[in-house]
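Below: one structure, written as structure tokens.
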């Protein structure tokens, strides 16, 4: 069960934080450019600096794929040094007809052995089934995304509810069968997070859009988590990774990650009457 | 303009056929397994055998990605031998928030220099904009897919029309701005093809699902093409690639491709009163 797995990690790490390893040669500190392998070096430093404070790492495949073969090498080498006591998420947003989706599921769950993957719902059940059949893995389906374009289709009304709720409802049905589903719910949509959480109390949420994209951490943590202050992971990428472009970038990233973890736990203490602040 | 580009190719090649290079080690003739590089050898033979009869090749990225780094090497080597007088389509079905989609667009249009790519509409305009901004390239947006799961979301009614029509309508709007849009319309939906064609007369269609997936070629060609018998490409993968597992597989694939091309042109002569049968 994905939910139990995530909640165990959240409890053990006392953290709701997911760090997104959106590697970008144009964003990493320029002093690293003179190194032999600046991108791997950067990932390694960031992972070492933040591992104490995270419940998950998310690798946005776009940032690796764009580099061609060296990007996949970087992905493989990064996976090899990532801790396995947190959730490793491939943010791939794949979704294709059945026989092709089977290949994508194999890619992320076998070839690369991620713990979870993000997928797009547009092609419906048989496009997600190959992922869902890996019952020990996690499948986060895009419901409501954090970008402005989410209004184009996700907010369209179907059967008196917006499409994103319809997707959430369907994913809940699939979760009854497979037990390994979650939802991607953008942190930029304050009211909608509460609405979706109410509809699907038993699905874990992956919440991107906090930080650089402007999502409100307070609202997101308050409404995306369950009564025990769990069942949700909040992803932050750029505002941790690129918090500093100086030689102490990893230290600054570590401090930023610690602050974000603590801030989330403080919010839980305020809104859920929970106290995680002293434990770590 | 994507439409003009496609129609020029269709006219020059007298063909509506797109061959999908869905490479699969489990499907290629077993005698090839003893070769050093069976997958590349297979692609090369298929390309050589079919190039006279096609208007486009489509590479389904799932089948390459699943192989890890050797898969991307195979993709690169295959791209290097593909003819450039036809449309080369990356069937990637990508779609992510803006700054990530930018990386995917760069991957397929710059790193790999495809002529066109398939994308998923769920995240809306800003997720597709980075692709659309490559105005000399083509962007096929998924409207109605060929798989059974298309009923889950694509047929949901929004504003008194199914979501796939709403998507088609939006893509038409974007096409007024960028001029490089097309739609993916599954060949397994007979009535809907005509309905979509009527709504968006000026968008080129990429029609998968003919052949192994059971789409009706007759209906698809009749309703997806325009009055000049153009503006649509019909993709066939498995029923050409894996038509034979004998040493003459390429010859059989060539014959199958020729037959399909001729069959499509025959249908145009029947339904559109056009005669392309004697030209090639």
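Protein chains in written order, with my numbering: chain E, 6 to 285; chain G, 6 to 285. Glycine is no exception: its CB is placed at the ideal position from the N, C-alpha and C atoms.
Between the CA atoms of residue j and residue i - distance to the nearest angstrom
i	j	result
residue 169 of chain E	residue 160 of chain E	7 angstroms
residue 242 of chain G	residue 213 of chain E	37 angstroms
residue 36 of chain G	residue 49 of chain G	16 angstroms
residue 155 of chain E	residue 171 of chain G	14 angstroms
residue 43 of chain E	residue 151 of chain G	43 angstroms
residue 111 of chain G	residue 134 of chain G	12 angstroms
residue 176 of chain E	residue 77 of chain E	30 angstroms
residue 40 of chain E	residue 201 of chain E	46 angstroms
residue 260 of chain E	residue 249 of chain E	11 angstroms
residue 279 of chain E	residue 17 of chain E	15 angstroms
residue 180 of chain E	residue 8 of chain E	10 angstroms
residue 247 of chain G	residue 65 of chain E	34 angstroms
residue 190 of chain E	residue 32 of chain E	26 angstroms
residue 164 of chain G	residue 34 of chain G	50 angstroms
residue 216 of chain E	residue 52 of chain E	19 angstroms
residue 285 of chain E	residue 274 of chain E	For residue 285 of chain E, the predicted model reports a pLDDT of 46, less than 50, meaning its position is unreliable; a value from the coordinates is still stated below. Residue 285 of chain E and residue 274 of chain E: Cα-Cα distance of roughly 15 angstroms.
residue 251 of chain G	residue 183 of chain G	46 angstroms
residue 178 of chain E	residue 98 of chain E	20 angstroms
residue 136 of chain G	residue 117 of chain G	14 angstroms
residue 244 of chain E	residue 56 of chain E	16 angstroms
residue 100 of chain E	residue 106 of chain E	6 angstroms
residue 142 of chain E	residue 115 of chain E	10 angstroms
residue 262 of chain G	residue 162 of chain G	38 angstroms
residue 10 of chain G	residue 113 of chain E	36 angstroms
residue 75 of chain G	residue 29 of chain E	24 angstroms
residue 218 of chain G	residue 167 of chain G	23 angstroms
Beta carbon of residue i nearer than 7 angstroms to that of residue j
i	j	result
residue 122 of chain G	residue 95 of chain G	yes
residue 270 of chain E	residue 63 of chain E	no
residue 15 of chain G	residue 235 of chain G	yes
residue 108 of chain G	residue 67 of chain E	yes
residue 61 of chain G	residue 238 of chain G	yes
residue 198 of chain E	residue 229 of chain E	yes
residue 153 of chain G	residue 131 of chain E	yes
residue 119 of chain G	residue 87 of chain G	no
residue 26 of chain G	residue 266 of chain G	no
residue 225 of chain G	residue 54 of chain G	no
residue 79 of chain E	residue 69 of chain E	yes
residue 73 of chain E	residue 158 of chain G	no
residue 124 of chain E	residue 144 of chain E	yes
residue 91 of chain G	residue 71 of chain G	no
residue 140 of chain G	residue 185 of chain G	yes
residue 146 of chain E	residue 188 of chain E	yes
residue 82 of chain E	residue 45 of chain E	yes
residue 232 of chain E	residue 272 of chain E	no
residue 19 of chain G	residue 281 of chain G	yes
Residues sharing a beta bridge with residue i, DSSP
i	result
residue 294 of chain E	No answer is possible for residue 294 of chain E: the residues shown for chain E start at 6 and end at 285.
residue 187 of chain G	G:145
Simplified DSSP assignment, three categories, for residue i
i	result
residue 62 of chain E	strand
residue 14 of chain G	helix
residue 156 of chain E	helix
residue 274 of chain E	helix
residue 96 of chain E	strand
residue 285 of chain E	Note on residue 285 of chain E: pLDDT 46, under 50, position unreliable in the model; the coordinate value appears next. It is coil, neither helix nor strand.
residue 211 of chain G	strand
residue 123 of chain E	strand
residue 176 of chain E	helix
residue 21 of chain E	coil
residue 8 of chain E	helix
residue 149 of chain E	strand
residue 26 of chain G	coil
residue 196 of chain E	helix
residue 76 of chain E	helix
residue 216 of chain E	coil
residue 109 of chain E	helix
residue 53 of chain G	helix
residue 32 of chain E	coil
residue 40 of chain G	coil
residue 128 of chain E	coil
residue 48 of chain E	helix
residue 81 of chain E	helix
residue 69 of chain E	helix
residue 88 of chain G	coil
Would you list, in sequence order, the uninterrupted alpha helix (DSSP H) runs of no fewer than 4 residues that lie entirely inside the segment 221-274 of chain G? Secondary structure remark: continuous alpha helix (DSSP H) runs of at least 4 residues inside the segment 221-274 of chain G, in chain order: 222-229, 243-246.
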